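If you read the protein sequences in the order shown, they are chains U and C.
Here the first sequence is numbered in the numbering used here, starting from 17 and rising by one per residue.
Here the second sequence is numbered in the numbering used here, starting from 17 and rising by one per residue.
Every residue gets a Cβ at the ideal spot worked out from N, C-alpha and C, and that includes glycine.
All of these numbers come straight from a predicted model, not from anything done at the bench.
A short worksheet on the structure shown next.
There are 2 protein chains.
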Amino acid sequence: MNTTTAPGKRAATREMILDRAYAMACNDGLEGLSIGTLAQAADMSKSGVFAHFGSREDLQLAVLELGAQRFMDNVLLPALKTPRGLPRLRAIVENWCDWAQRYERGCVLLSAVGEYDGRDGALHDAVVRQQSGWRGQLEKAIGQAVDEAHLGRGTDVSQLAFEIYAFMLVLHHDAGLFGFEEARRRTLSAVDRLFASYRT
Amino acid sequence: MNTTTAPGKRAATREMILDRAYAMACNDGLEGLSIGTLAQAADMSKSGVFAHFGSREDLQLAVLELGAQRFMDNVLLPALKTPRGLPRLRAIVENWCDWAQRYERGCVLLSAVGEYDGRDGALHDAVVRQQSGWRGQLEKAIGQAVDEAHLGRGTDVSQLAFEIYAFMLVLHHDAGLFGFEEARRRTLSAVDRLFASYRT
DNA sequence: GAAAAGAACGAACGGTCGTTCTATTTTCAG
DNA sequence: CTGAAAATAGAACGACCGTTCGTTCTTTTC
C-alpha cells in the first residue's frame, strides 16, 4: 500500500547499521570504519553487514550521505524558521555551534575532507559535492541578508561565506584540542565582529 | 672529536627514512603510514626500517616532530628577519600561505589534529603540545605588534591569534577542495580586513 | 502447510598489518 | 687484517582486513 514508508526488514536493519556506523565514523573517521568492528557493534556477522552494501566504499558513501543529511536537519532546517537575513544567519551559526559541541570528538563531514581531499575517487567527489553544496547554502543565506539590507550592498557574498566557514572550522579544531567552551566563546565573538564589519 | 655533528651511518639513514616517511604522511596522514610501504620507498627491508624506531608509534612521533620543525623553519624563522610588529605578522601569514601551497595535498601537522584530537595517547599529547606551542608563538608576535602600537592597545591577543588561525585553516581546507589560488586570495583579503579592524 | 524469496550466518580466501627472531652483511676500531 | 659491534635482510608470527560462497534460518506468498 504505502510505497514510500514501507520499512521492510531490510531497510530497517540497514538504517540500524548505518546509525552504528555513523557513530563509529565520528570517532575514527570514514577510513577508520572496519566492517568487522561495525558488525560487532551491530550484533551481526561480517557478511550480514556486508550484504547491505556492495562494498566498503559504498558503506562509507552511505555514512557520508547520512552525515550530510543530519547536518542539514540540525543546522540549516531549524534556522529556516527564523526570518531570513541576519537573524537566520545567526541561527545557522548557533546551530552549527551546537553541532560542533555534539560532535566534539569529531565530525564525520569534516574529517572526511581531510581524508579525501588529496585523493580521487567516489568519496572525494562526494565530499567536494557536499562541501560546495553547503557553501552554496551559506552564500544563499548571506545573499538574503544583503537583500534585506542587513548587510552592506557591496558585500562579497562568497568572501563572507569563506570567513564564516573559517570560524566554524577553527571552532571544531580548537574544541577538539583545547576544550569546547572557550572555542565557542571565541567563535561567536569573531562572527559578531565579522557581521558588524559587513553591516551597511 | 665532534660529538654533536658526527653523522654516522645510523643517523644518516634514519634521516633518509624520516624524509620519505614525511613525504608519505603528507598524502596519507600519520595513520596512513605503513612500515611495509615505507620500507619499499626507502629501498630497505621492513625490519631494517623498523629497527630504527622501536615501534610504529615512535615512527609517527618522529615524523610529527620533523613536520613541526620544518614548519617552524619555513614559516616562523624567515619571518624573524623582518621587523617585529605588523610586518613580521604579515610575513608569518605569507610564509604560511606558501607552506599551504607546497603541501596542498595535505599538511602532516593539520591532518594529525584530525586524526588524534579525539583519542588519547602519546600522539594526541604531542599534537596538543605542538599546536598550543605554535599558537603561543603567534600570540607572541601579535603581542609585539600591540607593543609597537601597530595594533590597538585593547587588542585581545588570544582572540586575534584564534582568528588568524581560522583563516589559515580554511586556506588549507579550501585549497585542497576547490583550488589553491582562490583560497589564497580570500585568505589574504580576510587577514587584511582583520588587521585593519584591530588597528589603533 | 508447502514452496519460493529474502536475510543473516559461518567459514574460508588472499592480503597486509606491526612485530619478533635469527642470520647475514657491513662498518669500524685496534 | 682481524674481530667485535652495529646495521640490515629475510622469514615467520598472529591478527585483522575486505570479500566470496554455500548454507541455514526467517519471512512472505500462494
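Query, Result
"Kindly indicate the opening and closing residues of the alpha helix (DSSP H) around P103 (chain U).", "102 to 118"
"Buried or exposed: which applies to L34 (chain C), given that a residue is buried once 16 or more other Cβ atoms fall within 10 Å of its Cβ?", "buried"
"Go through its chain and collect everything with a Cβ distance to M109 (chain C)'s Cβ below 6 Å, but skip five positions before and after it.", "With the sequence shown as reference, residue 109 (chain C) is identified as Val, and Met is not the correct amino acid for it. If we look at V109 (chain C) and ignore the five residues flanking it on each side, its Cβ neighbours are V207."
"Between G101 (chain C) and T171 (chain C), what straight-line distance do the alpha-carbon atoms span, to the nearest angstrom?", "13 Å"
"When DSSP labels each residue in this structure, what does C42 (chain U) get in the three-state scheme?", "helix"
"Can you find a C-beta in chain U that's less than 8 Å from the C-beta of L185 (chain C)?", "yes"
"At 8 Å on the CB atoms, spell out the chain C contacts of V109 (chain U), in chain order.", "The contacting residues do not exist; V109 (chain U) stays about 13 Å from chain C at best."
"Measuring only the C-alpha atoms, how far is N90 (chain U) from K25 (chain C)?", "57 Å"
"For a contact meaning CB atoms closer than 8 Å, what does V207 (chain U) contact in chain C?", "The premise fails here: V207 (chain U) is roughly 10 Å from chain C at the closest Cβ pair, so nothing lies under 8 Å."
"Taking 8 Å as the threshold (beta carbon to beta carbon), is A22 (chain C) in contact with chain U?", "A caution first: A22 (chain C) carries a pLDDT of 47, below 50, which makes its placement in the model unreliable, though a value can still be read off. No - not a single Cβ of chain U is within 8 Å of the one on A22 (chain C)."
"Who are the Cβ neighbours of L75 (chain U) in its own chain at under 6 Å, not counting the five residues just before and after it?", "F69"
"Using a Cβ-Cβ distance cut-off of 8 Å, determine whether R200 (chain C) contacts chain U.", "no"
"Below 8 Å on the Cβ atoms is my guess for M60 (chain C) versus L49 (chain C); work out the distance and round it to an integer in Å.", "Not really, about 15 Å apart at Cβ, beyond 8 Å."
"Which runs of the beta strand (DSSP E) spanning at least 3 residues fall entirely within the region 113 to 161 of chain C, listed in chain order?", "none"
"Considering Cα atoms alone, identify which of U:R145, U:A116, U:Q153 is closest to A199 (chain U).", "U:A116"
"Does the separation of the CB atoms of G152 (chain U) and Y214 (chain U) fall below 8 Å?", "no"
"Going by the CB atoms, is the gap between E155 (chain U) and V173 (chain U) shorter than 8 Å?", "yes"
"Taking the C-alpha atoms as reference points, what is the distance between G137 (chain C) and Y181 (chain C)?", "25 Å"
"How about G64 (chain C) and A55 (chain C): do their beta carbons lie closer than 8 Å?", "yes"
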